[in-house]
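Reading through the structure tokens given below for one structure.
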Amino acid sequence: MLLYPDLKTLHVLFAAASLLLFVVRGGYTLLLARSLRARVWRWLPPVVDSLLLTFGIWLAVLLRINPLRADWLGVKLLCVIIYIAVGILAFRLHRPRWLKITLFAAAVLLFAFIASIAVWHDPRGIFVLSD
Ligand code: HEM
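For our numbering, count along the sequence shown from 1 and bump the result up by 119.
Put into structure tokens, the structure is as follows:
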């Protein structure tokens, strides 16, 4: 049975891997306008993202944190949903390049904000520092 420190380490590791894959993919296809043909790009990002979410949910269950009661987790989940939607839109074909790059940048910023919500356990994330 996985314990809290292991789960948290795995969750954070998969979060870092997810961001790395997203940035490499976006940088290569959107900024350098090249295509990634290797098969690994089809299956690896969704597998890493699914494991990130699975370990996150597992952590919440283990710690008995209810997203409807703990506002930081509720806001974090909402941001995760927006992040997924923005990330999908950024890689959709038939959109102007400037829009794809803007969506890609917005998704990276959202990701950083999500991580900051987790670190501060506060729905304001990094913006707690401005109070
Ligand atoms: C883009 C997605 C996500 C990112 C980038 C992310 C990032 C992080 C990070 C960096 C931490 C460690 C915070 C610390 O240092 O204490 C963390 C903890 C945590 N995350 Fe996530 N997370 C994501 C998705 C989720 C999801 C979907 C859930 C599901 C409910 C979740 C639940 C948790 C919980 C319960 C903790 C532990 C908080 C604690 O130790 O008290 N996360 N997350």
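The beta carbon of each residue, even a glycine, is placed where N, CA and C say it ideally should be.
All figures in this text were calculated on a predicted structure; none of them were measured in a lab.
With 16 other CB atoms within 10 Å as the buried threshold, where does G206 fall? It counts as buried.
Does DSSP put I184 in a helix, in a strand, or in coil? Three-state DSSP puts I184 in coil, outside helix and strand.
Would you decide whether L228 is buried or exposed? Buried here means 16 or more other CB atoms lie within 10 Å of its CB. With a 10 Å radius around the Cβ and a threshold of 16 neighbouring Cβ atoms, L228 comes out exposed.
Reference D125; option with closest CA among L138, W177, G146: Here the closest residue by C-alpha is W177.
Could one say the Cβ of R153 lies closer than 7 Å to chain D's Cβ atoms, at least one of them? Of the chains in the structure shown, none is chain D; there is only one protein chain.
Regarding A134 and the ligand HEM, is the C-beta to nearest heavy atom distance less than 6 Å? A134: yes, Cβ under 6 Å from the ligand HEM.
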